[in-house]
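>
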Amino acid sequence: MASRMEKNHGKKRELEEKTLFKDPEILTPEDRQLLDEMYQAHLKEQEQREREQYKINRLNDMNRFLNWGIVIVSILLCIVLYVAFTK
Numbered sequence: 001m002a003s004r005m006e007k008n009h010g011k012k013r014e015l016e017e018k019t020l021f022k023d024p025e026i027l028t029p030e031d032r033q034l035l036d037e038m039y040q041a042h043l044k045e046q047e048q049r050e051r052e053q054y055k056i057n058r059l060n061d062m063n064r065f066l067n068w069g070i071v072i073v074s075i076l077l078c079i080v081l082y083v084a085f086t087k
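Using the working numbering, you'd call the opening residue of the sequence shown number 1 and step up by one each time.
1) What three-state label does DSSP hand residue 77 in the structure shown?
2) Nearest-angstrom Cα distance between residue 42 and residue 77?
3) Whole angstroms is fine: what's the gap from residue 75's alpha carbon to residue 84's?
4) In angstroms, rounded to a whole number, what distance separates the CA positions of residue 38 and residue 26?
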């Protein structure tokens with residue numbers, strides 16, 4: 001995995017060096033394909049991050065709901081115990 005990332009980073013750097021001195025319309029088909037692959041990889045990574053963030057948000061919502069439930073049950077228990085022991 002790391003070697004693949006290093007390889008892609010090397011290709012990206014090489015492509016950046018080529019595009020710095022060239023008009024983007026003069027890119028070779030290999031360069032265009034590499035750019036497209038890099039863009040597709042970026043989209044996949046972004047989609048994965050969005051999915052992970054959605055899961056985290058759902059867990060946070062459930063945690064908040066459970067916390068409020070515990071608070072409400074605790075208050076009700078205190079009221080019941082107070083009423084039971086004061087009579």
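Positions of the beta carbon are idealized from the N, C-alpha and C atoms, including for glycine.
Once the coordinates are examined:
1) Counting from one through the sequence shown, the residue named residue 77 turns up at place 77. Here residue 77 sits in helix by DSSP.
2) As a first step, residue 42 must be located in the sequence shown, where it is residue number 42. As a first step, residue 77 must be located in the sequence shown, where it is residue number 77. Looking at the two C-alpha atoms, the distance is approximately 52 angstroms.
3) Counting from one through the sequence shown, the residue named residue 75 turns up at place 75. Counting from one through the sequence shown, the residue named residue 84 turns up at place 84. Residue 75 and residue 84: Cα-Cα distance of roughly 14 angstroms.
4) Translated into the one-based positions of the sequence shown, residue 38 becomes position 38. Translated into the one-based positions of the sequence shown, residue 26 becomes position 26. Roughly 18 angstroms separates the two Cα atoms.
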